[in-house]
Every structure is written in structure tokens, then in C-alpha cells.
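Enquirer:
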Amino acid sequence: MNAVTPIEPNRHDPSSIFRKQYDNYIGGQWVAPKSGQYFDNVTPVTGKVFTRIARSDKDDVEAALDAAHAAKDAWGKTPAAERANVLNRIADRIEQNLETLAHAETWDNGKPIRETLNADIPLAADHFRYFAGAIRVQEGSIGEIDHDTIAYHFHEPLGVV
1 MNAVTPIEPN
11 RHDPSSIFRK
21 QYDNYIGGQW
31 VAPKSGQYFD
41 NVTPVTGKVF
51 TRIARSDKDD
61 VEAALDAAHA
71 AKDAWGKTPA
81 AERANVLNRI
91 ADRIEQNLET
101 LAHAETWDNG
111 KPIRETLNAD
121 IPLAADHFRY
131 FAGAIRVQEG
141 SIGEIDHDTI
151 AYHFHEPLGV
161 V
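No gaps in the numbering here: position 97 of the sequence shown is 97 in the numbering used here, and each next residue is one more.
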């Protein structure tokens with residue numbers, strides 16, 4: 001078990017972990033919500049506002065979908081090994097920032113730090129590693145149905161999900 005200073009509401013200032021306000025992350029950059037509206041994010045740890053979050057609406061969702069569609073073709077043409085490497089690098093970054101992310105998750109949802117530090121955040125990294133491995137073992141197949149017909153399947157990106 002990792003040794004970490006527990007979050008104590010009267011001794012720890014969330015401003016050392018969080019920005020005062022978060023925008024949407026769309027197309028590789030932070031973007032303010034189109035409406036300009038934010039909501040207060042209250043931590044169950046203290047019952048006080050600790051940050052403000054973009055109040056996204058359908059216009060923000062459309063912008064995110066447009067960015068995802070714009071990136072789809074390049075990502076779909078990226079070799080499986082490189083896509084796996086990207087997912088593994090994400091897992092590496094999660095693990096490198098384990099304590100910070102665990103504290104952030106605890107402030108956000110009120111879970112005990114032992115759960116976020118030893119389960120939630122490590123499992124998030126594990127999921128990225130799992131899918132990095134799954135990308136590498138994905139195969140297509142071919143089968144003969146009759147003398148004149150074969151069936152084959154292969155994996156290709158079909159769209160944004």
C-alpha cells in the first residue's frame with residue numbers, strides 16, 4: 001500500500017491540486033463553453049465549492065464531435081502498435097501522477113483516499129494497458145462458405161463513438 005498523506009478538510013487546500021475553473025478539452029485544447037456558463041463543483045469532503053466546471057450544452061457536444069470526426073481518419077490510419085503505445089503512455093502518465101489523481105478523485109466524489117489510491121486510479125491505468133494489448137492481438141479471419149464463396153472479416157474504424 002502506498003503511503004500518502006490523508007486528505008484532512010481543515011489542513012489541506014484543494015487549490016494546490018485544482019485550477020479555479022475548468023473548460024472543455026476539445027480538439028487538443030482547452031475551450032470555454034459556448035454559453036460561457038459554469039457550475040460550482042462542491043466537494044463532499046468539506047461541502048464547499050472547490051472548482052468550477054464548464055456547463056456544456058449541445059453546441060459544445062457538437063464541437064467535440066466535429067473535432068473527433070476530424071481526427072478519426074488519421075487515428076484510423078495509425079498502426080496498431082503505435083495506437084497501443086499511445087494507450088500505454090496514457091497509463092504511464094496516470095501511474096506517474098497516482099497520488100495527485102487519487103487526491104483529485106477523493107475531493108471530487110468523497111471516496112476514501114485508500115480506495116482512490118489503491119483501486120480507482122490504478123484500475124484506470126490498467127484499463128488503458130488492457131486495451132493497448134487488445135489492439136495488438138486483434139485479427140481478421142477468412143472462411144470458405146462454398147466452392148464459389150468466401151467470407152472474411154477485418155477490423156477497421158467505422159466512426160466516432
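Yeah, the Cβ is synthetic: ideal placement off N, Cα and C, and Gly gets one too.
Compute the Euclidean distance between the alpha carbons of Val86 and His147, then round it to the nearest angstrom.
Expert: Computed Cα separation, rounded: 43 Å.
Enquirer: Pull the bridge partners of His69 from the DSSP assignment, please.
Expert: DSSP, once it has assigned bridges, lists no residue as partnering His69.
Enquirer: If you run the structure through DSSP and keep just helix, strand and coil, what is Ser35?
Expert: coil
Enquirer: According to the Cβ coordinates, are Ile150 and Glu156 closer than 8 Å?
Expert: no
Enquirer: Measure from the alpha carbon of Gln138 to the alpha carbon of each residue in Arg52, Asp60, Ala81, then state which is nearest.
Expert: Ala81
Enquirer: Given a cut-off of 8 Å on the beta-carbon distance, is the pair His153 and Ser141 in contact?
Expert: yes
Enquirer: Run through DSSP, which three-state label would Ile17 get?
Expert: In the displayed model, Ile17 falls within coil according to three-state DSSP, outside both helix and strand.
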